[in-house]
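Numbered per mature numbering (1 follows the signal peptide of the UniProt record, and there is no 0), the sequence shown spans residues -12 to -1, 1 to 300.
Where a beta carbon is used, it is the ideal one built from N, C-alpha and C, also for glycine.
Structure, as structure tokens:
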Amino acid sequence: LISGLMASTTIAAGAADMTVGFSQIGSESGWRAAETSLTKSQAEERGIDLKFADAQQKQENQIKAVRSFIAQGVDAILIAPVVATGWEGVLEEAKDAEIPVVLLDRQIDAPEDLYLTAVTSDQVHEGKVAGEWLVKDVGDAECNVVELQGTTGSSPAINRKQGFEEAIAGHDNIKIIRSQTGDFTRTKGKEVMESFIKAEDGGKNICALYAHNDDMAVGAIQAIKEAGLKPGTDIKVVSIDAVPDIFQAMAAGEANATVELTPNMAGPAFDALEKYKADGTEPPKWIQTESKLYTQADDPMKVYEEKKGLGY
Ligand code: GZL
């Protein structure tokens, strides 16, 4: 009997090398849904027991989930922090419980000793790449830009705005005439774009849309078409994420450029956690993922087909 028990215990222990709690923001965008599916499939492949909590984009739900993971005594916690502030308290609790925390795809304003590492892109750079594309595309022509910002107070919304503004600085022919949050969603992106069009002479006064993610751009494209204008020509469309649907729009000439954000943040996160658990190696505080510009010149339907399989 004992040997049987031992065997079953060993098998049980072997089944989950690590138990990880994941506080995910929600499913506000196609990119977010891909990040979730990739995180789950990576955990499966690595024998990690993943406890998943969807916060419906509310920070208080994220904090509750993190507290519950601490109470469960998980080995590690992943957080995609919906906003940049308000994390010190719960992260101190995780630190006291000696549970390492890894941030995914967004940064926070908190002392670095409160998390093991942050796996994110350089969001200022993403905004700059988007802005530089527009500067090159419009040349000296006057261009009034409307901006759909990401979730208010989130690091991508703050950083992507900053990067874009840095890129257009010094080009007085390019001006941001309206800027408002579309909360990273298609629905809100469409709604806010409708209001921009109404406020700007039926959209005739708008030369370009800069959206902090493709989902808001896709919603805005719908609004531009419903206003009788041609997205991609009457109003240029540049955004960030490089989700499959933006490549479909590009192939139809309805979007112009996107900056790629990999949804595979969990891979580097799990690598860092496994190494830390194995031999205490501390990863760098920032593990940066790559960004890449795609335009209509990059065979968008081919990219669409390639991306379709990658967790989206
Ligand atoms: C950026 C990430 C953003 C995506 C959006 O790193 O946090 O959140 O760009 C998502 O699609 O909603």
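DSSP, read as helix, strand or coil, puts Val206 in helix. Pairing Leu92 with Ala260 gives a Cβ-Cβ distance that is not under 8 Å. Per DSSP, reduced to three states, the secondary structure at Asp93 is coil, with no helix or strand assignment. Placement of the Cβ of Phe172 at a distance of less than 7 Å from at least one heavy atom of the ligand GZL is found. For the pair Gln45 and Val70, the CB atoms are nearer than the 8 Å cut-off. Membership of Ala68 in any alpha helix (DSSP H) is not indicated, and neither H nor E is assigned to it by DSSP.
Look at the beta carbons and you see the stretch 196 to 214 touching the stretch 222 to 229: at least three pairs across the two are nearer than 8 Å. Within the DSSP bridge table, the entry for Gly9 names Lys39, Ile65 as partners. With a threshold of 16 other beta carbon atoms within 10 Å, Gly297 falls short and is exposed. Within the same chain, and ignoring the five residues on either side of Gln30 in sequence, the residues whose Cβ sits closer than 7 Å to its Cβ are Ala254, Gly255, Phe258. Residue state for Asp229 is assigned as strand, using DSSP reduced to three classes.
DSSP lists Ala106 as the beta-bridge partner residues of Trp274. Distance from the CA of Pro88 to the CA of Gln95, rounded to the nearest whole angstrom, comes to 16 Å. Note on geometry: alpha-carbon atoms of Val291 and Ser17 lie some 19 Å from one another.
For the options Lys265, Ala266, Asn252, Ile234, the alpha carbon positioned closest to that of Glu293 is the one of Ile234.
For the 8 Å CB-CB criterion, Ala211 and Ile185 form a contact. Where Thr24 is concerned, the enclosing alpha helix (DSSP H) starts and stops at 18 to 34. With respect to the C-alpha of Ala43, the residue from Ile194, Lys52, Tyr103 having the closest C-alpha is Lys52. Tyr264 sits in a helix when the DSSP states are folded into three classes. Per the C-alpha coordinates, the member of Ser167, Ser11, Asp5, Leu66 positioned closest to Ile36 is Asp5. In terms of Cβ geometry, Ala208 and Gly177 form a close pair [threshold 8 Å].
Bounds of any alpha helix (DSSP H) do not take in Asn193, whose DSSP letter is neither H nor E.
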